[in-house]
Structures are given as structure tokens and as C-alpha cells.
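Residue numbers (mature numbering (1 follows the signal peptide of the UniProt record, and there is no 0)): -24 to -1, 1 to 192. Just so it is clear, CB atoms sit at the ideal spot from N, CA and C, and this is done for glycine as well. Keep in mind it's a predicted model, so treat the numbers as computed, not measured.
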């Protein structure tokens, strides 16, 4: 009798595992991306990081910094300028960019001049930043739940990636990670010709005050 009960219990457990997968049902991709796009529109500030693996043909190879929804930003950029990699510290306040290379002090350029290489203020802009990228994704499929985020496979059009990662000229079959609690983007992996670009976000809505560097 005991043996029969053990067999029944094992069979019942196996059936439960095979039917339920041991976890909650994953959300629908389109609904999740729509929710994520709306969540990103409400972001007031964030930390960001862009890294590259391999040698994708892009004007920017690395970036770290802070952003505000108003368009101000600061951090560092590693730019490919005429075949040479140059790290530049920058502070963008309004329409003015304060920047400096490895040597020397800060100089000034306009936001429009910086935008020839990269415009960090576009990242949180609802019309052309992350919110637009998520809203424009096609055929999104939620693949798994990982460490508090949903991993979603989707195709991202080139024109909505370019403001965030300049130099992208073709649509990308990307992976994005969306926080389960807030629906905000935590990471995006973009495989490109020659390499992969990873964009990561942190410190959402942390207090951020960005001011021009002191003179001298």
C-alpha cells in the first residue's frame, strides 16, 4: 500500500512539473513592450552605460554617465575620431556642452556639434529615445524570467536605434531585459555587423543635479 502511494505521489509531481513548468506564465510580448514604453516615458533620471564587444563600425565605442528627462547629462564617451579612439569627459547643460580630453581643461561646443557623434539627451526623450524604441519593436516574444527581469526577443528598426546608438543602419534582432516590478528597461543587447553593443540602465529616478564644470 505504501509503495502504491509513493508511486502515485511521484507521478502526480511529474505531471505538475511538466504542465506548469514550475513557474508563473510569462506575459504576452506586445503587452509587455507597450507597458515598458509607457514606463520609460515617466522616467525622470537614470544612469546609463554603453559597451561594445568586437569591432562594430560605430562612432562611439563606450559611454557611461547620468541623464535627466530635461536633457542634461554628464559622463564620459569613447569616440572613434578619424580612426583614433579618444575618451572625452562631458557635461551637457541646456544647449551647451563642456568637454575635455585626456589632457587640457574643459572647452565648449554646442549640443548640435556633439550630436554629430552622439546626443545623450536623446536617450530619455519620449519621441526618439528608449520609450520610442520599445514602442517601435516588432514581433516581441518573452523568452524567460531572469533575475527579476523578463528577457524579450524583438526586432528593432534602425531609425529608432540610431538616436541611442549612432551608426546603426539596419534593423537588429535584439534582446531586451525589462524589470518585472517596474517594466523599465534594464539592458539591451544589440548584435551588429562586427560586434555587439550592450546598453544598460541603473539608478532610475535617483536625485541628479548636473551643473557646468567650474572655470579654470
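Closest by CA to residue 177, which one among 52, 74, 169 and 25? Sequence index remark: in the chain shown, residue 177 carries index 201 (1-based). Closest option to residue 177, Cα to Cα, is 25.
Could you tell me the boundaries of the beta strand (DSSP E) in which residue 141 lies? The sequence position of residue 141 within the chain shown is 165, counting from 1. Under the DSSP assignment, residue 141 falls outside any beta strand (DSSP E); it carries neither an H nor an E label.
Indicate the three-state DSSP secondary structure (helix, strand or coil) for residue 29 in the structure shown. Taking the chain shown and counting its residues from 1, one reaches residue 29 at position 53. Three-state DSSP puts residue 29 in a strand.
When the Cα of residue 55 is compared with those of 75, 3, 15 and 19, which residue comes out closest? On the chain shown, residue 55 is found 79 positions in, with the first residue counted as 1. Residue 75 holds the alpha-carbon nearest to the alpha-carbon of residue 55 among 75, 3, 15 and 19.
Inter-stretch contact (C-beta, 8 angstroms, three-pair minimum) for the region 113 to 131 and the region 57 to 65: The answer is no - the region 57 to 65 does not touch the region 113 to 131, with fewer than three Cβ pairs under 8 angstroms.
Work out the CA separation of residue 159 and residue 11 for me, nearest whole Å. Position 35 of the chain shown, counted from the start, is the residue given in the question as residue 11. Position 183 of the chain shown, counted from the start, is the residue given in the question as residue 159. Approximately 7 angstroms, taken between the alpha carbons.
Kindly indicate which residue of 89, 63 and 87 has the alpha-carbon position closest to the one of residue 77. Residue 77 sits at position 101 when you count from the first residue of the chain shown. Comparing alpha-carbon positions, the option among 89, 63 and 87 lying closest to residue 77 turns out to be 63.
Does the region 178 to 190 come within contact of the region 128 to 140, defined as at least 3 CB pairs closer than 8 angstroms? Taking 8 angstroms as the limit for Cβ pairs, the verdict is that the region 128 to 140 does not touch the region 178 to 190.
Between which two residues does the beta strand (DSSP E) carrying residue 63 extend? As a working note, residue 63 is residue 87 in the chain shown. Segment 60 to 69, the beta strand (DSSP E) holding residue 63.
Kindly indicate which three-state DSSP category residue 2 falls into: helix, strand or coil? Here residue 2 refers to the residue found at position 26 of the chain shown. Correct three-state label for residue 2: coil.
Round the Cβ separation of residue 148 and residue 140 to the nearest angstrom and send it over; I've been treating them as touching at under 8 angstroms. Start at 1 with the first residue of the chain shown, and residue 148 comes out as number 172. Start at 1 with the first residue of the chain shown, and residue 140 comes out as number 164. Not a contact, Cβ separation roughly 11 angstroms.
Could you give the distance in angstroms between the alpha-carbon of residue 4 and the alpha-carbon of residue 93? Residue 4 sits at position 28 when you count from the first residue of the chain shown. Residue 93 sits at position 117 when you count from the first residue of the chain shown. The straight-line gap from Cα to Cα measures roughly 36 angstroms.
Would residue 175 be called buried (16 or more neighbouring beta carbons within 10 Å of its own) or exposed? Taking the chain shown and counting its residues from 1, the one referred to as residue 175 is at position 199. Answer is buried; the Cβ neighbour count reaches 16.
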